[in-house]
Amino acid sequence: MSAAVLTAMAPAPWAVRRGPSSPLPRRFVARLHRRDRRALDEVYAEYAPTVFGYLVNTLRDRGAAEDVHQQVFLEVWQRAPDYDPDRATLLTWIMTIARSRAVDELRRRVPEPRDPGDGHELAADPDPELSPDALIERWRVAHLLSRLRPEESELLRLRFYEGLSQSEIAERTGVPLGTVKMRMVSALRRLRELIEDEDPEAVPA
Amino acid sequence: MSERPTDELERLLEALPREGWERPEPPPAPWPPEQPWRVRAPGFSLRPLTAAVAAALLIALGVAGGVLVSGGDEPATVADGTTVALAPLGDADPAATGEATLTEGDAGEAVVSVSGLAPSSDGDFYELWLIGADGELVSLGSFKVPESGDAELRVNVPVDPARFAFVDVSLEPDDGDPGHSSDSVLRGPTT
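Line order of the protein sequences matches chains A and B.
Using the numbering used here, read the first sequence as starting at 37 and increasing by one per residue.
Using the numbering used here, read the second sequence as starting at 236 and increasing by one per residue.
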């Protein structure tokens, strides 16, 4: 069984938040800088699902997403010796690469204008909610959901994906309504803390 | 739904597609899976603490288990040998290359030539291995690479190479650890 499979079963030790602004262990960064295979496998296990989900969501073409995904992680491998943990978290660094490669792919799809006046331009995505920048924020949050306790992320899934009210969640799960409300507040607070820990500038209002 | 999201975070959560809640299965990593390095065949611990010194001596004297033959007048050949092409891995220069010719059966020998490798420094050396499909490892000896980046060596092969899946060259720090460093620079399949 590869290290990637092993580490996919649980977050890598350095990915588990241990406190505000917990930095990556220096030893792990050193392993990354020398492209230690096991360090890269841990990075892959931690971030590849998020990157792939983001690319499928942004490109809306699974085949293209697989190709771009490979490009992203080859770039991670190539640029690993230059990664500076003081400038960006691993999540921010990798998602920035993913965004750039997704934008490249989208630009390649735009047909070359045959005539400057024929109306073909590098048009923005018709739905700004599906732009690479809008989706990147969404997938950063999706990534951090994986660091919540399973019961916390399940509660948020029932609420925000399935669209259940807190009363309906209580009814479905058998958990008292008061407890559901308390856990909901706690889960959202913890998610905000995780977002702030990743990037203090990116905390949604 | 009676309650509506009241802030941006809640709106982000509501907009997440199903995959965002389930962590989609990504394609395999673009780098090959790591070999299980930890198994080592008993009886072939060729590298003691002074491996780097020994390797340097091998190079200087051309004796014992590994004989560096680079630059010699006669081309190094192995009778009835199987030739394995070695391709770069890891941090190796993409232009690095090598070739290993191994005799068949037990107690044979191998002639290995490498080129384009980083010259050895005081704190490291290269090591030649046979790797089995099950992760079995046999070290065939260690060597240094001069400034040219090219080297050729002849080594005894105390096992039947047909039992092994790969010929591997690793870069080893001089840290006294006889195991594989997991830092392979050249590798080729034996079949």
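From the three backbone atoms N, C-alpha and C, an ideal C-beta is built for every residue, glycine too.
If you're wondering where the values come from, they're calculated on a predicted model, not measured in any experiment.
Quick one: does residue i have its CB under 8 angstroms from some CB of chain B?
{"i": "A75/A", "result": "no"}
{"i": "P85/A", "result": "yes"}
{"i": "V177/A", "result": "yes"}
{"i": "R135/A", "result": "no"}
{"i": "W113/A", "result": "yes"}
{"i": "E232/A", "result": "no"}
{"i": "V65/A", "result": "no"}
{"i": "S182/A", "result": "yes"}
{"i": "V92/A", "result": "yes"}
{"i": "R62/A", "result": "no"}
Which residue or residues does DSSP assign as beta-bridge partners of residue i?
{"i": "P323/B", "result": "L421/B"}
{"i": "V90/A", "result": "Position check: residue 90/A holds Tyr in this sequence, whereas Val was assumed. Answer is none; Y90/A lacks a bridge partner."}
{"i": "V334/B", "result": "Looking at the sequence shown, residue 334/B is not Val but Glu. DSSP output for E334/B lists A320/B, S348/B as bridge partner(s)."}
{"i": "D120/A", "result": "For D120/A, which the question treats as bridged, DSSP gives no partner whatsoever."}
{"i": "A81/A", "result": "Its beta-bridge partners do not exist; DSSP assigns none."}
{"i": "E188/A", "result": "DSSP, once it has assigned bridges, lists no residue as partnering E188/A."}
{"i": "E234/A", "result": "BP columns for E234/A are empty, so no partner."}
{"i": "V373/B", "result": "L365/B"}
{"i": "D359/B", "result": "P408/B"}
Measure the C-alpha to C-alpha separation of residue i and residue j and round it to an integer number of angstroms.
{"i": "E232/A", "j": "R183/A", "result": "13 angstroms"}
{"i": "T132/A", "j": "L181/A", "result": "19 angstroms"}
{"i": "E207/A", "j": "E187/A", "result": "16 angstroms"}
{"i": "R225/A", "j": "E334/B", "result": "59 angstroms"}
{"i": "L95/A", "j": "P323/B", "result": "33 angstroms"}
{"i": "A178/A", "j": "E249/B", "result": "11 angstroms"}
{"i": "L227/A", "j": "G255/B", "result": "14 angstroms"}
{"i": "R219/A", "j": "L191/A", "result": "8 angstroms"}
{"i": "D357/B", "j": "P61/A", "result": "28 angstroms"}
{"i": "V319/B", "j": "L365/B", "result": "12 angstroms"}
{"i": "L247/B", "j": "W175/A", "result": "9 angstroms"}
{"i": "E78/A", "j": "A368/B", "result": "23 angstroms"}
{"i": "E245/B", "j": "A100/A", "result": "30 angstroms"}
{"i": "A264/B", "j": "G214/A", "result": "44 angstroms"}
{"i": "D385/B", "j": "A330/B", "result": "12 angstroms"}
Where does residue i sit, in a helix, a strand or coil, going by DSSP?
{"i": "G354/B", "result": "It is worth fixing the name first, because residue 354/B is Pro in this sequence and not Gly. Here P354/B sits in coil by DSSP."}
{"i": "V65/A", "result": "helix"}
{"i": "A400/B", "result": "coil"}
{"i": "G199/A", "result": "coil"}
{"i": "S416/B", "result": "coil"}
{"i": "D410/B", "result": "coil"}
{"i": "V394/B", "result": "coil"}
{"i": "A368/B", "result": "coil"}
{"i": "G214/A", "result": "helix"}
{"i": "A314/B", "result": "Low confidence applies here, because A314/B scores a pLDDT of 43, under 50, leaving its location unreliable and the question unanswered by this model."}
{"i": "Q106/A", "result": "helix"}
{"i": "S383/B", "result": "coil"}
{"i": "D328/B", "result": "coil"}
{"i": "R253/B", "result": "helix"}
{"i": "R115/A", "result": "helix"}
Among the options, which one has its Cα closest to the Cα of residue i?
{"i": "K217/A", "options": "R195/A, V108/A, A84/A, T132/A", "result": "R195/A"}
{"i": "V346/B", "options": "E257/B, G414/B, A353/B, V402/B", "result": "V402/B"}
{"i": "E82/A", "options": "R98/A, I130/A, L224/A", "result": "I130/A"}
{"i": "R137/A", "options": "R144/A, V104/A, P85/A", "result": "V104/A"}
{"i": "E243/B", "options": "P117/A, D120/A, A170/A, R123/A", "result": "A170/A"}
{"i": "D72/A", "options": "Q106/A, P168/A, R115/A", "result": "R115/A"}
{"i": "E233/B", "options": "G384/B, D326/B, R389/B, A331/B", "result": "For chain B, the structure presents residues 236 to 426; residue 233/B sits outside this window and is missing."}
{"i": "T86/A", "options": "R62/A, P117/A, D140/A, T128/A", "result": "T128/A"}
{"i": "L372/B", "options": "F399/B, R258/B, A322/B", "result": "F399/B"}
{"i": "T332/B", "options": "L321/B, G325/B, D326/B", "result": "L321/B"}
{"i": "S419/B", "options": "P413/B, D412/B, S405/B", "result": "S405/B"}
{"i": "E141/A", "options": "S167/A, W175/A, T215/A", "result": "S167/A"}
{"i": "S416/B", "options": "S350/B, S374/B, P252/B", "result": "S374/B"}
{"i": "R98/A", "options": "G316/B, D328/B, P259/B", "result": "P259/B"}
{"i": "S88/A", "options": "D77/A, F109/A, Q202/A, A75/A", "result": "Note on residue identity: the sequence assigns Phe, not Ser, to residue 88/A. With distances taken between Cα atoms, F88/A lies closest to F109/A."}
{"i": "Q107/A", "options": "L91/A, R185/A, A75/A", "result": "L91/A"}
{"i": "P262/B", "options": "A124/A, R70/A, A84/A", "result": "A84/A"}
{"i": "L126/A", "options": "N93/A, A75/A, E204/A, P164/A", "result": "A75/A"}
{"i": "A66/A", "options": "P121/A, E102/A, P212/A, E111/A", "result": "P121/A"}
Could you check whether the Cβ of residue i sits closer than 8 angstroms to any Cβ belonging to chain A?
{"i": "R422/B", "result": "no"}
{"i": "E245/B", "result": "yes"}
{"i": "W266/B", "result": "yes"}
{"i": "E362/B", "result": "no"}
{"i": "S405/B", "result": "no"}
{"i": "E371/B", "result": "no"}
{"i": "D326/B", "result": "yes"}
{"i": "P354/B", "result": "no"}
{"i": "R250/B", "result": "Note on residue identity: the sequence assigns Ala, not Arg, to residue 250/B. Interface residue, yes."}
{"i": "S416/B", "result": "no"}
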